[in-house]
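The numbering of the sequence shown is the working numbering, which starts it at -16 and goes up by one. Built from N, CA and C at the ideal position, the CB exists for glycine as well. Single-structure report; data block below.
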Amino acid sequence: MTNTQKMVRLNLDLSPELNQILDELANKIGTSKSDVLRQAITLMQIMIIAKEETKKLGVPEVNQLILNEIILSSEQQPKPHPLKAFLETFGTWEDTRTAEEIIDEIYSSRTVSDV
């Protein structure tokens, strides 16, 4: 990130336990808490993109065996944009009948009742 990019300031409420973990991570990699959070957000973005592409994300051992797979719980799975979900309900259907045959069937199925 360059100095010319405008940064957005956020206030964040964390439990003491999460704050301690954040401190420990920042110390281990020699950076700030903000950098740890930025890297965590990037990792989450990679994980969500992989999930959308039906890929799996794991942590391999030295011999390339994946012992820990990172998965999203059902509550964390990305939800489709409401507009996209709505538009997916539209479309065409397939029918071997002509438009005239469909119209004739609609008219012939109508009934009149004397009440």
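State the DSSP-derived secondary structure class of residue i, mapped to helix, strand or coil.
i: Leu(-5); result: coil
Closest to residue i by CA distance: which of the options is it?
i: Val(-9); options: Glu71, Ser17, Asn2, Gln22; result: Ser17
i: Arg80; options: Thr72, Gly74, Ile89; result: Ile89
i: Gln22; options: Leu5, Thr37, Ala33; result: Leu5
i: Glu77; options: Glu71, Ile85, Leu70; result: Ile85
With 16 as the cutoff for other CB atoms within 10 Å, does residue i come out buried or exposed?
i: Val19; result: buried
Distance, Cα to Cα, residue i vs residue j?
i: Ile32; j: Leu(-7); result: 24 Å
i: Lys38; j: Ser(-2); result: 32 Å
i: Leu8; j: Met30; result: 20 Å
i: Leu26; j: Glu35; result: 14 Å
i: Asp87; j: Leu40; result: 55 Å
i: Ala68; j: Gly74; result: 12 Å
i: Leu66; j: Gly13; result: 43 Å
i: Asn10; j: Ile24; result: 18 Å
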